[in-house]
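In my numbering, the protein residues as written are 430 to 654.
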């Protein structure tokens, strides 16, 4: 199923990008615009396919994990950089703070990045102009490794949090509608955290903001010595 779904999408994206990179005189402005719509839609659909396949693999107990030593600071900085363009377009300030004592953790690198990027993307998406999004990382000697993503966005009620944690249960708002989403990022992140033996908790106040706390167990800490 993975091969059958991804192969045609990769062909659409590959040939679309090839056309986009051809000399500009080969395409009229309107054709260029249509091609960009095709690429945007194809990327959105591929993201949806990947998320659905990941959730299906988790539910079937067949998700492949490749654990390794993951340097915390470079990964957090990379994820903030990836989300910066969207934040800038929405006039949202993004900041981060990393505990100097937190060196590395043992995790699946790609899945770890996926968790942080999903949480940051959601925070930026649901934060109006001139709002703030932050991620902080610290080590607690009794509780483990904590990654906290906070925003000053729309917030959610208890019912809204429950819905957001359901597959395809994305909250609806005028702010969220500005950016397409699959409604799978948050529930997928929660399941990926739990596979690592951790927890994901959400605290939110309507019209004030949301804080998502991801906790990894102590045994995943890797010290520099």
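Ideal Cβ positions, reconstructed from N, Cα and C, are used throughout, including at glycine.
Judged by beta-carbon spacing, residue 509 lies beyond the 8 Å limit of residue 560, meaning their Cβ atoms are not closer than that value.
Annotation for residue 482: the continuous alpha helix (DSSP H) segment containing it runs 458–488. Here residue 555 carries a coil assignment [DSSP, helix/strand/coil]. According to DSSP, residue 543 shares a beta bridge with no other residue.
Going by DSSP, residue 448 is part of no beta strand (DSSP E) but of the alpha helix (DSSP H) stretching over 431–449. For residue 531, same chain residues with a beta-carbon under 6 Å away, outside a window of 5 residues either side, are 501, 566 and 568 in chain order.
Judged by DSSP in its simplified three-state form, residue 538 adopts helix. Excluding residues up to 5 positions away in sequence, 498, 532, 533, 534 and 535 lie with their Cβ nearer than 8 Å to the Cβ of residue 651 in the same chain. For residue 517, the uninterrupted alpha helix (DSSP H) segment begins and ends at 501–518.
By the neighbour-count criterion, in which 16 or more other beta carbons inside 10 Å mark a residue as buried, residue 495 falls on the exposed side. Non-local beta-carbon contacts of residue 641 in its own chain, meaning distances under 6 Å to residues more than five positions away in sequence, involve 548, 578 and 631 in chain order.
Secondary structure note for residue 614: it is in no beta strand (DSSP E), and the uninterrupted alpha helix (DSSP H) holding it is 614–624. Rounded to whole angstroms, the separation of the alpha carbons of residue 645 and residue 572 is 8 Å. With respect to the 8 Å criterion, residue 589 and residue 555 are not classified as neighbours on the basis of their beta carbons. When the Cα atoms are used, residue 448 and residue 629 turn out to be separated by approximately 42 Å. Excluding the 5 residues flanking it on each side, residue 546 has same chain C-beta neighbours closer than 8 Å at 508, 511 and 512, in chain order.
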